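See below for the structure under consideration.
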Amino acid sequence: MASKKKEVQLQTVINNQNLWNEMLLNKGLTVIDVYQAWCGPSSHQMGTVCDIEDSVENASRQLAFFFPEFSKTKKAGQKVEKTLALIRPDLLKKRRDSVMRRIREDGFTIAMEKEIILTEDQARSFYREHENEDFFPALLEHMTSGPTLALALVRENAVQRWRDLLGPKVVENAKVEKPESLRAQFALENVAINQLHGSSSPNQAEKELNFFFPRQHTIAVIKPEALPIHKEKILQKVHDSGFIISQMKETHLTREMAAQFYKAHEGKEFFNHLVDYMSTGPSMIMILSKNNAVEDWRKLMGPTDPEEAKRTSPDSLRAQLATSILKNAVHGSSNKKHAQESIAFLFGDIDLDGQSQKQGVVS
1 MASKKKEVQL QTVINNQNLW NEMLLNKGLT VIDVYQAWCG PSSHQMGTVC DIEDSVENAS
61 RQLAFFFPEF SKTKKAGQKV EKTLALIRPD LLKKRRDSVM RRIREDGFTI AMEKEIILTE
121 DQARSFYREH ENEDFFPALL EHMTSGPTLA LALVRENAVQ RWRDLLGPKV VENAKVEKPE
181 SLRAQFALEN VAINQLHGSS SPNQAEKELN FFFPRQHTIA VIKPEALPIH KEKILQKVHD
241 SGFIISQMKE THLTREMAAQ FYKAHEGKEF FNHLVDYMST GPSMIMILSK NNAVEDWRKL
301 MGPTDPEEAK RTSPDSLRAQ LATSILKNAV HGSSNKKHAQ ESIAFLFGDI DLDGQSQKQG
361 VVS
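Laid out in structure tokens, this is it:
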């Protein structure tokens with residue numbers, strides 16, 4: 001009688017695209033769940049990827065942008081890419097839904113979107129390569145006339161596929177040479193400027209995406225008294241607020257490490273109490289990533305004093321979870337410079353885009 005095939009379970013930590021790709025090379029491997037350190041606390045042991053999100057679509061959008069090859073089956077010779085698409089003001093106002101439908105029908109994932117009214121300085125900066133062209137003044141006027149919709153699109157060969165779908169830049173040429181293209185089909189009467197933009201290369205796409213969707217990082221700490229009681233609730237709030245947890249580790253700070261971490265407060269009356277408290281037990285230390293991460297995390301935390309937080313920010317973490325100014329549940333960087341310094345201190349020399357790192361003081 002044939003022996004029953006043995007099933008081996010594998011649990012591994014994946015926090016970047018390369019590790020994910022390497023893991024998938026294991027012959028016969030079936031992925032049944034992704035642990036919460038990447039996607040947040042999971043309410044089901046055997047659930048969908050990132051089932052902490054409000055919907056599968058929301059989870060897929062975040063994974064698609066930060067890890068574009070995560071859920072894509074690549075065809076031979078094709079690479080999953082990100083590219084920027086812009087729907088300019090006049091077309092956005094008149095035919096937004098039709099354009100969005102065509103984008104989805106062509107197999108693109110809309111990983112991120114932002115509606116923005118560009119200032120003249122922003123428009124000049126984004127289109128500076130065209131500043132010597134005759135059409136530049138008209139382009140500036142048009143791009144500052146109303147909201148533009150910026151889209152981060154993901155699919156195989158996204159850059160070239162989006163450019164092919166757009167067609168020639170000159171609207172009249174698009175109508176003649178590629179009448180099925182988007183610039184031909186969505187041309188507007190009496191508007192000479194084409195209404196859709198696409199990145200010209202993968203490198204240009206990275207620059208343009210960073211212009212509209214700048215990824216910022218900040219340090220977040222769940223303090224000792226809050227960690228065993230409120231960890232899951234805090235992580236839920238983190239994900240509900242759109243943060244990506246780029247790195248996360250639980251560690252017990254020594255008094256020396258706590259003193260160094262809070263060095264900016266040295267000499268203040270509460271300094272020794274703070275250092276003593278932060279070294280009483282394990283803390284959860286995270287690097288949170290999203291647009292405007294520093295300020296958004298500070299808003300989510302709320303004021304330092306929980307009584308003030310209850311008055312002014314009743315939905316904040318400190319209003320709901322803090323017990324005192326000292327034991328106020330969470331910590332966050334005060335500004336971008338402080339965030340960079342704290343990340344270097346706690347996680348060492350780390351490339352958050354490539355997720356390659358050297359060991360920091362906390363291990």
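First residue of the sequence shown: 1, per full-length UniProt numbering; consecutive thereafter.
Even for Gly, the Cβ is constructed at its ideal location relative to N, Cα and C.
Computed from a predicted structure; not experimentally measured.
- Under the 8 Å Cβ criterion, the stretch 303-317 does not count as touching the stretch 275-285, having fewer than three qualifying pairs.
- If you ignore the 5 residues before and after Arg163, its C-beta comes within less than 7 Å of the C-beta of Gly198, all in its own chain and listed in chain order.
- Under DSSP, Lys82 forms a beta bridge with Val154.
- The Cβ atoms of Lys93 and Gly146 sit closer than 8 Å to each other.
- Glu113 sits in a strand when the DSSP states are folded into three classes.
- Contact check for Val294 and Asn335: beta-carbon distance about 6 Å, within the 8 Å limit, so the pair qualifies.
- Annotation: the continuous beta strand (DSSP E) that includes Ala220 extends over 216-222.
- No Cβ-Cβ contact shorter than 8 Å links Ile287 with Leu196.
- Note on Thr83: 16 or more other CB atoms within 10 angstroms of its CB, so buried under the neighbour-count rule.
- Here the alpha carbons of His230 and Gly242 stand approximately 19 Å from one another.
- No Cβ-Cβ contact shorter than 8 Å links Val238 with Arg255.
- Beta-bridge pairing by DSSP links Ile244 to Ser289.
- In this structure, DSSP gives Leu149 an extended state, which the three-state scheme calls strand.
- Residues of the same chain with a CB within less than 7 Å of the CB of Thr251, apart from the 5 flanking positions on each side, are Pro282, Ser283, Ile285, Val362 in chain order.
- Contact between the stretch 216-223 and the stretch 330-349 is present: 3 or more CB-CB pairs across the two stretches fall below 8 Å.
- For His197, the uninterrupted beta strand (DSSP E) segment begins and ends at 196-198.
- Per the coordinates, the alpha-carbon of Phe135 lies some 31 Å from the alpha-carbon of Arg104.
- Classified as buried, Phe186 has 16 or more neighbouring CB atoms from the shown chains inside 10 Å of its CB.
- Comparing alpha carbon positions, the residue from Phe347, Leu300, Asn291 closest to Glu113 is Asn291.
- Here Phe212 is buried. Its C-beta has 16 or more other C-beta atoms within 10 Å.
- Counting every other CB atom within 10 Å of its CB across the protein chains shown gives Thr304 a total below 16, marking it as exposed.
- In this model, Glu208 and Ala344 are separated by some 27 Å (Cα to Cα).
- Assigned with DSSP and collapsed to three states, Ile350 falls in strand.
- Spanning the alpha carbons of Leu139 and Ile193 requires a straight line of approximately 7 Å.
- Secondary structure note for His265: it is in no alpha helix (DSSP H), with a DSSP letter that is neither H nor E.
- Just so you know, the alpha carbons of Leu346 and Met257 end up roughly 9 Å apart.
- In this structure, the alpha-carbon of Pro137 lies about 11 Å from that of Thr144.
- Looking only at Ile219, Pro306, Ser98, Met100, the smallest Cα-Cα distance to Ile325 is reached by Pro306.
- Residue pairing of Lys249 in beta bridges, as defined by DSSP: Ile285.
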